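As structure tokens, the structure follows; a few thoughts come after it.
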């Protein structure tokens, strides 16, 4: 007999709301797009069936697709792609708990700035009755980050503040004990049948691609995990509140400010003991107590609507590089009026000035750092340099898009070396540089450079996957090259890298061709279901005249 809470958590409306939040969440790499396509084909029936399966005890979680994403320190984090049914169930549980606890968590709103619940979460399924619904589970990250930065900047401006404690938690998502999370949820009087199902699900979803880690870890990727991570750390936030600490937390990035260094040492000891009581550990390598610099270098910088960092209190009386980086739909107020006041010739003149400034600065960074030993690169130690390089790369991308759209400008090929250099030095952010390389039609002159990068990062499947997204631009696709790719697929152990090679073939596929026949054979023998289904979805998108059910019969 299902409890009242269980019935509410997994009602037809609750499952629909969970679906909407899953498909609207950010994080393009962490979704089951094939499953989304299947569910969308007969949405109401599929959602109703899932609700009934849960009510009847017929739902069973499945083992998800997992891949490894690099960190700056050379290690890798495990990212998880839940199947669509599991993603909906996970989000439904998060929705239910978040609705019940929303008011409680607003009590720490001046201390916590990462993955803060949207006010609409409190409405529960009644949200479905409204017009113009915003389904986002969390507040917009740019406004949250800016509140985080502004709060810290206001603290730094207080000259009696002398010291800063900075720390985070070791392998946070991977080390959260299921028992700790279940106990926390039980304290909120979440029904036991929900907790039993949730505990079972977490055991299926935990661990790496190689093995489960029974009882430990929550899947990193789904939005629901960030909510439950905040829930785990809520007692730490309240400990800081209770002790009157000047405390700021952005997920597991924790900062505390004080005029007395010994107070911060005491806080660190207290936090360490508290986290250990939850089987979590402070990351010693990322923990420091340092003197605050009362200067602009100590302060953070705000983000604009595109996620690019901007200076605080920036005047917008003139059009300049920071305005030109935007599409006009992202600009508001005076900036929008200024853009609209320009004719095409004036706008192009400003865009060309902007791209020149951006490229000159990137070339300067390149010339100053290109001869450094890669193991002693400035990019490994200078966080500001990494941020500046990535910010300029994003500005270049946005301005280049406007120049392509307005003037058919071909991006300067001298910048390809910059993007390849960036990948070699900031491999944990390779996707940011790969996006820039997609603006080039032909990269055949850089085939050997790509091969070198693929070899240099042979142990980093995510980096190889990112490189393969544009690797096809370096290849003349003849039968020999296609056979070479097929051989690499057969020899490749990483399912994520195989997916990258499959995508290259899909770009060249023609129905009733030898490539299609070879691809059919490969997909039928592909051991990773997620890879099979992702390729089917890509082919379905590329050849819209082929129904997804026909593709399943064709390939599977």
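Residue numbers (this note's numbering): 164 to 719.
Glycine is no exception: its CB is placed at the ideal position from the N, C-alpha and C atoms.
Predicted model, so just to flag it, every value in this text is computed and none were measured.
Using alpha carbons as the reference points, say which of the options lies closest to residue i.
i: residue 372; options: 664, 239 and 386; result: 239
i: residue 180; options: 695, 555, 307 and 259; result: 259
i: residue 391; options: 320, 345 and 223; result: 345
i: residue 249; options: 235, 274 and 213; result: 213
i: residue 304; options: 279, 314, 315 and 285; result: 279
i: residue 333; options: 507, 325, 445 and 374; result: 445
i: residue 619; options: 588, 643 and 647; result: 588
i: residue 612; options: 640, 592, 580 and 623; result: 580
i: residue 335; options: 534, 352, 667 and 379; result: 379
i: residue 413; options: 397, 353, 424 and 423; result: 397
i: residue 691; options: 535, 529 and 230; result: 230
i: residue 507; options: 568, 415, 326 and 185; result: 568
i: residue 623; options: 534, 343 and 592; result: 592
i: residue 223; options: 363, 433 and 208; result: 363
i: residue 318; options: 456, 527 and 615; result: 456
With a Cβ-Cβ cutoff of 8 Å, do residue i and residue j count as a contact?
i: residue 411; j: residue 268; result: no
i: residue 683; j: residue 633; result: no
i: residue 330; j: residue 405; result: no
i: residue 288; j: residue 176; result: yes
i: residue 166; j: residue 356; result: yes
i: residue 427; j: residue 328; result: yes
i: residue 582; j: residue 522; result: no
i: residue 140; j: residue 324; result: With the chain covering 164 to 719 only, the question about residue 140 has no answer from this structure.
i: residue 374; j: residue 381; result: no
i: residue 700; j: residue 202; result: no
i: residue 399; j: residue 341; result: no
i: residue 685; j: residue 645; result: no
i: residue 443; j: residue 338; result: yes
i: residue 283; j: residue 266; result: no
i: residue 452; j: residue 424; result: yes
i: residue 326; j: residue 454; result: yes
i: residue 354; j: residue 169; result: yes
i: residue 343; j: residue 441; result: yes
i: residue 510; j: residue 188; result: no
With a threshold of 7 Å on Cβ separation, who are the neighbours of residue i within its own chain once the five nearest residues in sequence on each side are excluded?
i: residue 384; result: 190, 193, 242, 243 and 244
i: residue 556; result: 585, 595, 596 and 599
i: residue 408; result: 419 and 430
i: residue 178; result: 210, 213, 214, 251 and 255
i: residue 667; result: 631, 634, 635 and 648
i: residue 617; result: 627 and 630
i: residue 275; result: 393, 400 and 412
What does a CB cutoff of less than 6 Å around residue i pick up in its chain, not counting 5 residues either side in sequence?
i: residue 693; result: 228
i: residue 610; result: 637
i: residue 256; result: 361
i: residue 484; result: Confidence in residue 484 is poor, its pLDDT being 35 and thus under 50, which makes the residue's placement too unreliable to answer from.
i: residue 366; result: 377
i: residue 525; result: 555 and 581
i: residue 689; result: 695
i: residue 665; result: 698
i: residue 663; result: 628 and 631
Within 7 Å: the Cβ of residue i and any heavy atom of the ligand HEM?
i: residue 236; result: For the ligand HEM, the structure offers nothing, since it holds no ligand at all.
For residue i, is the classification buried or exposed, using 16 other Cβ atoms within 10 angstroms of its Cβ as the cut-off for buried?
i: residue 252; result: buried
i: residue 576; result: exposed
i: residue 293; result: exposed
i: residue 369; result: buried
i: residue 171; result: buried
i: residue 703; result: buried
i: residue 198; result: buried
i: residue 261; result: buried
i: residue 164; result: exposed
i: residue 300; result: buried
i: residue 237; result: exposed
i: residue 487; result: Reliability of the predicted coordinates at residue 487 is poor, the pLDDT of 33 falling under 50, and the value obtained from them is presented with this limitation in mind. Flag for residue 487 reads buried.
i: residue 562; result: buried
i: residue 321; result: exposed
i: residue 206; result: exposed
i: residue 642; result: exposed
i: residue 679; result: buried
i: residue 295; result: exposed
Leaving aside the five residues before and after residue i along the sequence, list all residues of the same chain whose C-beta is less than 8 Å from its C-beta, in chain order.
i: residue 358; result: 345, 348 and 349
i: residue 542; result: 532, 548, 549, 552, 588 and 589
i: residue 113; result: Within the shown structure, residues of the chain are numbered from 164 to 719, placing residue 113 beyond reach of any answer.
i: residue 621; result: 627
i: residue 273; result: 314
Would you say residue i faces chain D, with C-beta separation under 8 Å as the test?
i: residue 599; result: No chain D appears in the structure shown, which is made up of a single protein chain.
- Query: For the 8 Å Cβ check, are there 3 or more pairs between the stretch 658 to 673 and the stretch 626 to 641?
  - Reply: Yes, since at least three Cβ pairs between the stretch 658 to 673 and the stretch 626 to 641 fall closer than 8 Å, the two stretches touch.
- Task: May I ask you to verify whether the stretch 623 to 631 touches the stretch 653 to 664, counting CB pairs closer than 8 Å and requiring at least 3?
- Result: The answer is yes - the stretch 653 to 664 touches the stretch 623 to 631, with three or more Cβ pairs under 8 Å.
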